[in-house]
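Step one of this worksheet: look at the structure below.
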Amino acid sequence: MAEPAPVLVFDSGIGGITVAREIRRLMPGLPLVYAADDAGFPYGAWQAEALTRHCTDVVVRLAGELRPSAVVIACNTASTLVLPPLRAALDIPVVGTVPAIKPAAERTRSGLVSVLATPGTVTRDYTFDLIRRFAPEVAITLVGACQLAGLAEEALLHGHLDPAVLAAEIAPCFVEKNGRRTDVVVLACTHFPLLAPRMAQIAPWPVDWLDPAPAIARRLRDVLLASGAATGEEGAGAPARALATTGRDLSAVLELLSAETLAISGAEAASSV
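If you're matching positions, the sequence shown starts at 486 in the working numbering and goes up one per residue.
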């Protein structure tokens, strides 16, 4: 029996491992290829037109080489731009990652929600449209964190994390207004759930941290079923590989796919928060 085609999980770096782990948990028999575009990392500072062109070119090339059954863009910044051109260029499903603004609006009790993202994501029309559609009555604070994605990569791969820098990056998320406080923080970058346990430790008060990874995995399962592709839900131990656009060794990333938890500088980061 022929092995089913893999799913390509694409991100600017290793943050998308949070998504890949959820896919592996939900569909353990589904082969995966994790592609880290570390040559382009970080995406948050790219100009929109250049990033759209770059990501489209890289993903189309990888899809041509790997022949996946679907592509998952495990990056909020890229997803706000590249989904339409990729869907036009490819004849397979393309699943994106969008800020979890709708579930945040449904969950908040205080009416104060913060969206923690890269500088690129918080300036995109896509993000503003989600707010208009799903959270018109909610006070949304958009926080463009310049250093968090890099902090997450450094912490996961090398165990280095500066608590002062982390605290400064997340501080704008915590808003007090008319006796109310922010009670939900949307993690609108797939790198950020890696740091969620540490962020919870240093936060001035408890909040719900919304991780998009479980919803992305469920969406992928649904589109695979709709397209007639194998989902691997009943299997186990499907092959996985990882590649980087710089050619660097990502064997450590592969090990994280099956690790019980993601250890971050003295804290453990589950892929769902």
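Virtual Cβ for every residue (Gly too), placed ideally from N, Cα, C.
Extent of the continuous beta strand (DSSP E) to which serine 497 belongs: From DSSP, serine 497 is part of no beta strand (DSSP E); its letter is neither H nor E.
CA nearest to the CA of glutamate 591, picked from Leu672, Pro648, Pro621, Phe526: Pro621
Cβ-based burial, aspartate 707 [other Cβ within 10 Å; buried from 16]: exposed
Distance between serine 712 and arginine 594 (C-alpha atoms, nearest Å): 38 Å
Alpha-carbon spacing of alanine 574 relative to glycine 549, whole angstroms: 11 Å
Closest residue to proline 682 among Leu739, Ala637, Val579, Pro657 (Cα-Cα distance): Ala637
Cβ distance (whole Å) where leucine 627 is taken to contact valine 600 below 8 Å: 5 Å
Strand pairing of isoleucine 625, partner residues [DSSP]: Val598
C-beta atoms of alanine 673 and proline 584 nearer than 8 Å: yes
Host alpha helix (DSSP H) of tyrosine 611 (start-end): 610-619
CB of valine 465 within 8 Å of CB of valine 580, strictly: Since the first residue shown for the chain is 486 and the last is 758, residue 465 is missing from the structure and cannot be characterised.
For alanine 725, the three-state DSSP class (helix, strand or coil): strand
Buried/exposed call for asparagine 561, threshold 16 Cβ in 10 Å: buried
Beta-bridge pairing of valine 669 - partner residues as DSSP gives them: Val598, Asp693
Chain B contact for glutamate 534 (CB, 8 Å cutoff): Here there is only one protein chain, and chain B is not present.
Threonine 731 burial status per 10 Å Cβ neighbour count (16 or more: buried): exposed
Where aspartate 496 falls, given that 16 or more other Cβ within 10 Å makes a residue buried: buried
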